[in-house]
Amino acid sequence: MIKHCIIGIIGLLLLTATNIQAQEICNTTTITEAENLYNIGRFNECISKLANCIDKANGFNYEDKIQAYRLLSMSYLAIDSTDLADESIRQILILNNDFTSDSRDPERFRYELNKIRSSQHINIVSSVSKKAEDIRRTPATINVITKDDIIKRGYTDLIEVLADLPGFDISMLYGVNYANAYQRGLRTTTMEKTLLLIDGVEENDLWTNTADISRQYPVTNIKRIEVIYGPASTMYGPNAFVGVINVITKEPEDIIKQGKNFGVHLNAGYGSYNSKYADVTVAYKKNIFSAIFTARHYSSDRHDMSSQSFFDYDPSVYDGVNYKSIMDIKTNAQTYINTNNLPSSHPYYTIYSTAGVADSIVLTQAGINAARNLDKSAYNKIIDGKKVGFANPTSLTLINGKINVGGFSISMQHIFKNEAAGALYTDLGYAINNVYWIPKRTSITVKYDKKISNKLSFSSLSNYRIHGIDNDTRVAALYNYSRKNLGIKDLIKDSTPGYN
């Protein structure tokens, strides 16, 4: 009898232990059961069920833990425990900084999530180590400009943002290059020592390596700008010699209002020099799918400098040119005569000889006047229907799009720039209103990010870029007598100067 009693007690204990062990298993089933409790309004039971597993060493896996904190925060909000809900949301963002809420989640939860994420992003950067980290712990000097900073300070382009930052020296060119932003005191011909990134993808020109920053980037679509000071070549390569500028654009949830699936942002302006621009951003989000598209166009006549002596195309400038010193031939004169079949005498020049061999060819006053008048006539040339003169227009177009499906994203960007020479050339050498630099840049980027655990993540990025020059790119360079493109052999034919 005692034996059977002992066996029964042991069996009961084993059964109880098995039952307890079964109750302590924390997996997807537990999440499903907790969600069912939440859906029927049994919030305290949902919290208790999840709390038993959330801190256990052998509790939820990575994905289940995120969902557990999501259910906890929504349950705490349902019973008005906002502080506890916010703490659960912080735990979600620690596990996955890119966590996005489901469209079916309560609006209050999505509001709290966005609020806490925004407050954390003030101190969270991703440019230094290519992963999210606290700015106070980054191994680099970094400055962050947020979208609120851009609005409050009234920036209209990226150069204005950089001009306000320490360590930048801005040289405004208003020409083929709109500006050069020299970083940390290193002055170069262009910005080839600074790396420009858009959402972590390199933007520097493939041929010149320069960071070509004009007014093509819409500041209305910028979420924040992270600027790294100092060499970052270990992470980004040789172009990051003096620093990195990472422009992070807005996501669909930054455009779409709470409770909506679709959002539009439109911005336009008009100013002096016939300057005008228009930006439009369209975003859509539903469940794990989201898409955002941005288009911008900017155009301006820019500064009219035709009243200045360097750009006024005043033919009287040639009255001060010493054509004798430029065109007289004082060496190998006989060879020049033989090669070009010059007549022994001409109203435009005099040949001086020694022992029957020409040693110099000197312009007469008639020759000087002829060369001067021919040079002046070039300022009356018509090129492509326009008289030679000064003009400095610019026209910029950007089209950008991104589609996200879970951790997978594909983005496309096309930039078309048409910028005149500005002050790069003077009227003595070029038809400035026929100098255009028209680069075309297209890129396609495919990214996949998967956070496997709190300490392990997988990331893949492929980028395809095409950088080229449009067929209408041109430089109308002057050839004439004062520039030594034409000489005495051309003068005797009354050859007219022109533009190549």
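Residue numbers (our numbering): 3 to 502. Ideal Cβ placement from N, Cα and C applies to all residues, glycine included.
Here R106 carries a coil assignment [DSSP, helix/strand/coil]. Residue pairing for R443: DSSP places it in a beta bridge opposite I417 and H469.
Contact fails between the stretch 276 to 296 and the stretch 372 to 381, because fewer than three Cβ pairs, one in each stretch, are under 8 Å apart.
Annotated three-state conformation of E37 is helix, per DSSP. Look at the beta carbons and you see the stretch 174 to 191 not touching the stretch 254 to 272: under three pairs across the two are nearer than 8 Å.
Taking C-beta separations shorter than 7 Å and ignoring five residues to either side along the sequence, the partners of F45 in its chain run S77, A80 and I81, following chain order. Beyond the five residues adjoining it in sequence on each side, K383 comes within less than 8 Å, by CB distance, of K389, V390, A433, G500 and Y501 in the same chain, given in chain order. In this structure, the straight-line span from the alpha carbon of D107 to that of G273 is close to 44 Å.
Out of I42, L426, N29 and D100, the CA that lies nearest to the CA of S459 is found in D100. Segment contact: the stretch 482 to 495 against the stretch 219 to 235, fewer than three CB-CB distances shorter than 8 Å; contact not assigned. With contacts defined as CB atoms closer than 7 Å, D207 and D214 qualify as a contacting pair. In the displayed model, Y427 falls within coil according to three-state DSSP, outside both helix and strand. Contact between the stretch 63 to 75 and the stretch 85 to 92 is established, with three or more Cβ pairs separated by less than 8 Å. In this structure, DSSP gives E89 a helical state, which the three-state scheme calls helix. Contact between the stretch 460 to 478 and the stretch 310 to 325 is absent: fewer than three C-beta pairs spanning the two stretches fall below 8 Å.
7 Å or more divides the Cβ of I412 from the Cβ of R443.
When beta bridges are read from the DSSP output, H348 appears opposite Y351. Pairing I250 with S327, the inter-Cα distance amounts to about 58 Å. About 4 Å separates the CB atoms of S308 and F392; that is less than 8 Å, so the two are in contact.
F264 sits exposed, since fewer than 16 C-beta atoms from the chains shown fall within 10 Å of its C-beta. The stretch 56 to 65 makes contact with the stretch 27 to 39; the number of CB pairs closer than 8 Å reaches 3 or more. Taking all protein chains in view, the Cβ of G271 is surrounded by fewer than 16 other Cβ atoms within 10 Å, so the residue is classified as exposed. Selection R217, Q260, E205 and L199 evaluated against I230 yields L199 as nearest (Cα-Cα). E204 sits in a strand when the DSSP states are folded into three classes.
Its Cα nearest to that of N465, the residue E204 stands out among F170, L115, D57 and E204.
Residue state for D361 is assigned as strand, using DSSP reduced to three classes.
Around the beta-carbon of V244, 16 or more other beta-carbon atoms lie within 10 Å, marking it buried. Boundaries of the alpha helix (DSSP H) around D151: K149 to R155. Straight-line measurement puts the Cα of T283 at about 10 Å from the Cα of I401.
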